[in-house]
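Residue numbers are given in full-length UniProt numbering: position 39 of the sequence shown equals residue 39, and the series is strictly consecutive. Report on one structure; see the data block that follows.
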Amino acid sequence: MVLARPRCNESFSNEFEIFRSFTVANSPQAKKRARQNEKNRKHNASLRSMARTYVKKIQSKIEAGNYEEAQAAFQQAQPILDSMVNKGIFAKNKVARSKSRLSAKIKALKSA
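Structure follows, in structure tokens:
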């Protein structure tokens with residue numbers, strides 16, 4: 001079965017959710033862990049999406065050439081991205097690299 005990545009605002013088909021709902025767990029503890037893992041996976045996906053949205057907002061303001069709005073959006077996004085690192089959603093170096101690149105683009109926008 002080949003699964004395509006869903007487009008924006010689309011979820012996986014019901015077939016995939018049904019497929020995912022069957023677990024191999026036999027003990028009550030393993031069944032509970034399977035339930036918790038599914039719940040945490042969905043929660044983490046929403047947090048990843050939120051963080052990516054913040055980054056996209058910054059990038060769109062940079063492309064528009066608006067320094068003040070880009071700087072304000074960057075200041076708003078920094079604590080969100082740092083909290084994602086603390087929660088284990090993103091790797092520390094990935095977020096550091098992303099913040100560094102965005103900061104450099106904003107700085108270049110100011111001097112331009």
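In this text, a Cβ means the ideal position worked out from N, Cα and C, and glycines have one as well.
Tell me where the alpha helix (DSSP H) around residue i begins and ends.
i	result
Val85	67-86
Ser49	28-64
Ser96	The sequence shown places Ala at residue 96, rather than the Ser named in the question. Looking at the DSSP string, the run of the alpha helix (DSSP H) that includes Ala96 is 92-111.
Would you mind working out which of the options sits nearest residue i, comparing C-alpha positions?
i	options	result
Ala73	Ala51, Val24, Val85, Lys32	Ala51
Tyr54	Gly65, Arg35, Leu81	Leu81
Ser98	Gly88, Leu109, Lys110, Lys56	Lys56
Ala108	His43, Tyr67, Ser60	Tyr67
How would you call residue i, buried or exposed, if buried means at least 16 neighbouring beta carbons within 10 angstroms?
i	result
Met1	Caution is warranted here: a pLDDT of 47 is assigned to Met1, below 50, making its placement in the model unreliable, and the coordinate value is therefore given only provisionally. When all chains shown are included, Met1 counts as exposed.
Ala70	buried
Ala64	exposed
Ala112	exposed
Do residue i and residue j have their C-beta atoms within less than 8 Å of each other?
i	j	result
Thr23	Lys31	yes
Lys92	Ile62	no
Ala34	Ala45	no
Ala77	Ile89	no
Leu47	Lys87	yes
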